[in-house]
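Just so we're aligned, residue 43 is where the sequence shown starts under the numbering used here, counting upward by one.
As structure tokens, the structure follows; a few thoughts come after it.
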Amino acid sequence: MVILGAGPAGLVLGNLLLRAGIDCALLERSGRASVENRARAGFLAANTVRILARNGLDDGLRRNGQEHRVCEFRTDDGRFRLDYGRLGTGEPHTVYPQHELVTDLLARFLDAGGRIRFDTEAIAVSDADGPTPSVTVRESDGRPGRWRARYVAACDGRHGAGRRSVPPGAVRHYRRDHGVSWLGLLAEAPPSLDAVGYALHPRGYAGHMARSAGITRYYLQCARGTRADAWSDDRVWDELDLRMRAAQYGTLSRGRFAQRAVVDLGSDVLEPLRHGALFLVGDAAALISPSAAKGANLAVLEAEILARALTAALHGGDPAPLDAYSDRCLAHIWRAQEFSHWMIRLLHETPDPEGPSPFQERLRRSRIGALRDSPAQQDWFAENYVGV
Ligand code: FAD
43 MVILGAGPAG LVLGNLLLRA GIDCALLERS GRASVENRAR AGFLAANTVR
93 ILARNGLDDG LRRNGQEHRV CEFRTDDGRF RLDYGRLGTG EPHTVYPQHE
143 LVTDLLARFL DAGGRIRFDT EAIAVSDADG PTPSVTVRES DGRPGRWRAR
193 YVAACDGRHG AGRRSVPPGA VRHYRRDHGV SWLGLLAEAP PSLDAVGYAL
243 HPRGYAGHMA RSAGITRYYL QCARGTRADA WSDDRVWDEL DLRMRAAQYG
293 TLSRGRFAQR AVVDLGSDVL EPLRHGALFL VGDAAALISP SAAKGANLAV
343 LEAEILARAL TAALHGGDPA PLDAYSDRCL AHIWRAQEFS HWMIRLLHET
393 PDPEGPSPFQ ERLRRSRIGA LRDSPAQQDW FAENYVGV
């Protein structure tokens, strides 16, 4: 078994296969330090925590993860809080930075005797629908190489070799550009509120998400085409203050921005998630906009579903779970896509082909009002917000 990519999907899959006694090798394009320092997600769903716990992969997050259960919306009409950990299914998030989870999973994989090749880039998966699938690679010394495998799991993200290797006629590609961009910021500053903050402002959305005692993620909606370094740190903080209404609700703790990146909000899904011996997992299967923090959670869920299916096929001779892999995962993926699309329409005035739309804006205010006032709507929100 060859696994492409050492992100959350590839490392959960690798660990689960090792535990089941299935031989696998992981090929990762980047070096170890880069894999362990790539700051991205942070909010883990309760189901993700359960998956990691039942497979003995939760040491770090049990020690250092922080329970999180409240979000706060700030609008021109005032602010309100939802204790989503008590609504819906009554489950909180666990805040644990993705790069720390990846570091834990990697250490566990290596301790268990797992084989990983860093600085090894997969170029293409060949003959996935034939008897001898293989992966061509550029080895760490730059020379070409080839790995043969009975199965290949593409956990190598949206721009990886896995996706590219599925012939166009064998897959349907659904995609959507939401027409909205965010400046994603990682601030060396403590969280400024004890909740996820969603600020809806005439100048655009701003978001606040705790990561650790000294690190906070912020998002600032920006015009399409904005460069990540276009604004000085002071200008970014002033804009965050304005949109988060700091003068009214409390100042933001400032610090240096350790990371800035512009994210154009887009989503896509490939169907099916299998082509012969090649399986697509995590971001390689579907990209979910970060508006609802689902991507890493889906990656872990899909990795567990695939690990179980491979174990049934290789140890029990039962191919049925592998045949069902794509449909099972797609049901979760489309549910998450629907909710993150709903969040996008809640948080932004999304571009209307006919120009600025007061009608759309009224709909958005009504949507926010329903969330503030309707217990049934709040339960629905909480269930979808923490669930995968
Ligand atoms: P990745 O983490 O992208 O890992 C893929 C790996 O494959 C990488 O290590 C890469 O180097 C390697 N690779 C790529 N190409 C090749 C190749 N050709 N050969 C070999 N290796 C290759 N999700 C949440 O659930 N909660 C959040 O709060 C959240 N916040 C986010 C914030 C931001 C700013 C962003 C950008 C994303 C966020 N996400 C969040 C999404 C989440 O980070 C991703 O969905 C998650 O990383 C997907 O995991 P993965 O293992 O599928 O892919």
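By construction, the Cβ of each residue, glycine as well, lies at the ideal position given by its N, Cα and C atoms.
The count of Cβ pairs closer than 8 Å, one atom from the stretch 324-333 and one from the stretch 370-382, reaches three, so the stretches are in contact. DSSP places Ser76 in the uninterrupted alpha helix (DSSP H) bounded by Arg74 to Glu78. The stretch 77-84 makes no contact with the stretch 118-125, as fewer than three CB pairs between them are under 8 Å. Residues Ala351 and Ala354 of the same chain have their beta carbon placed closer than 6 Å to that of Pro363, with the five preceding and five following residues left out of the count.
The stretch 288-305 makes no contact with the stretch 170-177, as fewer than three CB pairs between them are under 8 Å. Between Leu348 and Leu55, the CB-CB gap stays under 9 Å. For Met251, there is no enclosing alpha helix (DSSP H); the residue is found in the beta strand (DSSP E) stretching over Ala248 to Ser254.
Excluding sequence positions up to five before and after Leu225, its CB lies within less than 6 Å of the CB of Leu262, Cys264 and Val304, all in the same chain and listed in chain order. Excluding residues up to 5 positions away in sequence, Leu388 lie with their Cβ nearer than 6 Å to the Cβ of Arg409 in the same chain.
Between ligand 1 and Phe151, a heavy atom-to-CB distance of less than 8 Å is absent.
Taken from the Cβ of His250, every heavy atom of ligand 1 lies 8 Å or farther away. Relative to ligand 1, Asn426 has its C-beta separated by 8 Å or more from all heavy atoms. The beta-carbon distance between Leu103 and Tyr138, rounded to whole angstroms, is 4 Å. This is short enough to meet the 8 Å contact definition. In the structure shown, Leu315 falls within a coil segment according to DSSP collapsed to helix, strand and coil. For Val238, the enclosing beta strand (DSSP E) begins and ends at Val238 to Ala241. By a beta-carbon distance limit of 8 Å, Tyr216 contacts Val311. Their separation comes to about 5 Å.
Per DSSP, the beta-bridge partners of Pro186 are Arg180. Between Asp283 and Leu294 a beta carbon distance of about 6 Å is seen, short of the 8 Å cut, so the two are scored as contacting.
Secondary structure at Ser207: coil, using DSSP grouped into helix, strand and coil. For Gln420, the closest of Leu69, Glu114 and Arg296 by C-alpha to C-alpha distance is Glu114. Ala327 sits in coil when the DSSP states are folded into three classes, being neither helix nor strand. Inter-residue distance for Asp101 and Val208 is about 37 Å (C-alpha atoms, whole angstroms). Going by beta carbons, Arg253 and Arg259 fall inside the 9 Å limit. Contact between Gly324 and Cys197 is confirmed by a C-beta separation of about 5 Å, below the 8 Å threshold. Taken atom to atom, the span from the alpha-carbon of Arg370 to that of Leu227 is near 34 Å.
Here the alpha carbons of Ile257 and His110 stand approximately 15 Å from one another.
The beta-carbon separation of Ala87 and Asn339, rounded to 4 Å, stays under the 8 Å limit for a contact. Going by DSSP, Gly429 is part of no beta strand (DSSP E) at all; its letter is neither H nor E. DSSP, read as helix, strand or coil, puts Ser309 in strand.
Positions of the alpha helix (DSSP H) runs, each at least 4 residues long and wholly inside the stretch 53-117, are given as 74-78, 88-96 and 101-106 in order along the chain. From the listed residues Asp394, Ala288, Glu425 and Gly63, the smallest Cα separation to Lys336 is found for Glu425. A distance below 6 Å between beta-carbons, with the five flanking residues on each side excluded, links Arg190 to the following residues of its chain, in chain order: Ser176.
Within the DSSP bridge table, the entry for His215 names Leu312 as partners. Here Glu391 carries a coil assignment [DSSP, helix/strand/coil]. Inclusion of Ile93 and Cys66 in the CB contact set at 9 Å is not warranted, their separation being larger than that value. At a cut-off of 8 Å, the beta-carbon of Ala51 counts as near ligand 1: some heavy atom of the ligand is closer than that.
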